[in-house]
């Protein structure tokens with residue numbers, strides 16, 4: 017397994033909304049208002065057309081691997097074909113899924129309406145959790161047998177590496193009660209692995 021290669025924060029694109037609007041108009045022929053979105057290492061904008069959210073413009077970290085973006089697009093196609101609602105790639109006016117702008121890979125994705133789980137106040141209803149479980153099941157079924165040259169890269173968020181990442185990061189949880197809960201959950205996970 018390859019070690020993690022963190023993308024430095026300093027390589028996060030420095031793009032203002034006005035500049036991003038120009039990229040959107042030039043590459044996709046879309047005139048719109050842009051609203052910055054939070055992101056760990058990329059620069060993302062919510063694209064509003066006629067005041068309504070329609071797309072997400074993603075300007076990738078300068079060190080992003082184009083093959084990883086292709087993996088994301090191919091996986092999204094499989095998920096969409098399996099009835100799983102996910103954003104899809106919108107081709108540029110000349111038919112590309114990914115364009116390059118000032119050394120950064122740029123793409124436009126469809127907007128998926130709804131409320132992010134992180135914004136929902138606990139407790140989450142049993143109906144919501146059942147729906148989440150069904151959606152995860154449909155996603156697993158849609159991706160069954162999926163393979164791509166970039167699908168073996170190391171990524172902290174990959175569930176295949178959960179145990180190792182949790183072991184490494186748990187000591188950094190500042191609140192004792194939360195840290196203990198994380199470690200207790202990890203111990204239960206280890207027992208299930210055996």
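In my numbering, the protein residues as written are 17 to 210.
Where is the CB? At the ideal position from N, CA and C, for every residue including glycine.
Residue ranges of each alpha helix (DSSP H) within the segment 153-191, 4 or longer: 178-185
Per DSSP, which residues does residue 105 bridge with? Please list them. Answer is 125.
Whole beta strand (DSSP E) elements within the segment 21-86, 3-residue minimum: 49-53, 59-65 and 68-75
Cut-off 6 angstroms between Cβ atoms - residues of its own chain near residue 203, not counting five sequence neighbours on either side: none
My understanding is that residue 129 touches residue 77, with C-beta atoms under 8 angstroms, so please give their C-beta distance in whole angstroms. Actually they are not in contact, since the Cβ atoms of residue 129 and residue 77 sit about 26 angstroms apart, beyond 8 angstroms.
Taking the alpha-carbon positions, what's the residue 100 to residue 154 distance? One C-alpha to the other measures close to 7 angstroms.
Mind reading off the beta-carbon distance from residue 61 to residue 50? Whole number of angstroms is fine, and I expect it under 8 angstroms. 4 angstroms
CA-to-CA distance, residue 59 to residue 181, given in whole angstroms: 25 angstroms
Distance check for residue 31 and residue 118, CA to CA, integer angstroms please. The alpha-carbon atoms of residue 118 and residue 31 are separated by roughly 10 angstroms.
Could you name the residues that DSSP lists as bridge partners for residue 120? 117
Using the Cβ count rule (16 or more neighbours within 10 Å means buried), how would you classify residue 172? When all chains shown are included, residue 172 counts as exposed.
Taking the beta carbon of residue 71 as the centre, do at least 16 other beta carbons fall within 10 Å, making it buried, or is it exposed? buried
Compute the beta-carbon to beta-carbon distance between residue 84 and residue 169, rounded to the nearest angstrom, for a pair I have assumed lies under 8 angstroms. Under the criterion of beta carbons closer than 8 angstroms, residue 84 and residue 169 qualify as touching, at roughly 7 angstroms.
Cβ atoms of residue 103 and residue 125: under 8 angstroms apart, would you say? yes
Quick check on residue 79: buried or exposed, where buried means 16 or more other Cβ atoms within 10 Å of its Cβ? exposed
Integer-rounded CB distance, given that residue 81 should sit under 8 angstroms from residue 166: 7 angstroms
Have a look at residue 189 and residue 176 and give me their C-alpha separation to the nearest angstrom. 21 angstroms
Using the three-state DSSP reduction, which class does residue 151 fall into: helix, strand or coil? helix
Residue 164: which of 109, 88 and 157 sits nearest, CA to CA? 88
Compare the beta carbon distance of residue 115 and residue 158 with 8 angstroms and say whether it is the shorter of the two. no
Is the beta carbon of residue 135 closer than 8 angstroms to that of residue 123? no
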